[in-house]
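Under mature numbering (1 follows the signal peptide of the UniProt record, and there is no 0), residues -23 to -1, 1 to 246 are what the sequence shown spells out, in order.
Here a beta-carbon is modelled for each residue, glycine too, at the ideal position from N, C-alpha and C.
The structure displayed is predicted, hence computed values, not measured ones.
In what follows, a single structure is set out as structure tokens and then discussed.
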Amino acid sequence: MTILGVPVLGFVITILNLQKSWAIVENHVIIQAEFYLNPDKSGEFMFDFDGDEIFHVDMEKRETVWRLEEFGHFASFEAQGALANIAVDKANLEILIKRSNNTPNTNVPPEVTVLSDKPVELGEPNILICFIDKFSPPVVNVTWLRNGSPVTRGVSETVFLPREDHLFRKFHYLPFMPSTEDVYDCQVEHWGLDKPLLKHWGKNHPSVSFVSWFSPVMPACAWCFGILSSLFHSSCSSSHPWSCPTNQLFTLPVVIPVIHRSVLSYLIA
């Protein structure tokens, strides 16, 4: 497959150090991730807190989409700022293509896992999760199959989620009713794969759920959301200009010392 474009990925990483007077001292990371991709002419702008999406910007609707509706009650973000950033990414991309003489980078194929949202019981509604991890560039086509036939009803997905190693991960979801008759596949296509990758889930599949699979990190995730709800508020503060990378986002109370570092990397693919 000939690849004509260069995805551009920008990370703004903020580490939050809670004061020692608090009962628990933790470091937390906020990542601003954005990219523009050719030949798809697509882009993404999102914020991530310790591996969980806070929000992303819908480029077509030109609006901010909060991962949890509650986040929008105490924080705000103007989508126009993200659109301006993507325009800059596009311009930088064109320059990089010329300077690199269209030299492609190595595509990193994804690792794919299929599991259920909760322990499976026959006749009880559940959700299949297709977890696509450790891939680059951020381009995948995912198709759910039931008994070999495509399924589209009720499916949903996350945006591309950044990893600290500059690779990506993504989740796709399929509501289903477990039965002894149906088998499911998550079919993943990516530039790093020679052919579509099929991950099977069926009647003889071990009953491993998302909760048990991620159990070591679930308490940390709960703590992340607790930190989010207690630290963020809606107006941008001049005392913390780093917290407003696109003119308006959210701020943290001034009592919290912050270490801020920015990393901008360009991935040629």
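Query                                                                                                    : Result
N-terminal and C-terminal residue of the beta strand (DSSP E) that residue 103 is part of                : 103 to 112
Beta bridge counterpart(s) of residue 177 as assigned by DSSP                                            : 162
Segment limits, alpha helix (DSSP H) that includes residue 137                                           : Note, residue 137: premise wrong, no alpha helix (DSSP H); not H, not E.
Distance CB(residue 26)-CB(residue 42) smaller than 9 Å                                                  : no
Inter-residue spacing [alpha-carbon to alpha-carbon] between residue 142 and residue 107                 : 21 Å
Per-residue DSSP class, three states only, for residue 76                                                : helix
Candidates 116, 103 and 40: closest to residue 247 by CA position                                        : Residue coverage of the chain in this structure runs from -23 to 246, which leaves residue 247 outside it and unanswerable.
Coarse secondary structure for residue 67, derived from DSSP in three states                             : helix
Assigned exposure category for residue 177 - 16 Cβ within 10 Å defines buried                            : exposed
Paired residues, beta bridge with residue 118 - DSSP                                                     : 166
Simplified DSSP state of residue 56, which is helix, strand or coil                                      : helix
Element boundaries [beta strand (DSSP E), containing residue 149]                                        : 145 to 153
Distance between residue 122 and residue 37 (C-alpha atoms, nearest Å)                                   : 28 Å
DSSP state of residue 82 mapped onto helix, strand, coil                                                 : coil
Strand pairing of residue 32, partner residues [DSSP]                                                    : 24 and 43
Best match in 79, 179 and 12 for proximity to residue 97 [C-alpha to C-alpha]                            : 179
For residue 4, the three-state DSSP class (helix, strand or coil)                                        : strand
Close Cβ partners of residue 134 (< 6 Å) along its chain, the five nearest in sequence each way excluded : 149
N- and C-terminal bounds of the beta strand (DSSP E) containing residue 128                              : 126 to 128
Alpha-carbon spacing of residue 157 relative to residue 95, whole angstroms                              : 17 Å
CB of residue 163 within 9 Å of CB of residue 85, strictly                                               : no
Of the listed residues 31, 151, 112 and 136, nearest to residue 120 (C-alpha basis)                      : 151
Residues bridged to residue 156 [DSSP beta-bridge criterion]                                             : The partner list for residue 156 (beta bridge, DSSP) is empty, contrary to what the question assumes.
Beta-bridge partners of residue 97, as assigned by DSSP                                                  : Per DSSP, none; premise fails for residue 97.
Check whether residue 28 and residue 138 have beta carbons under 9 Å apart                               : yes
Member of 23, 173 and 155 whose CA lies at the smallest distance from the CA of residue 100              : 155
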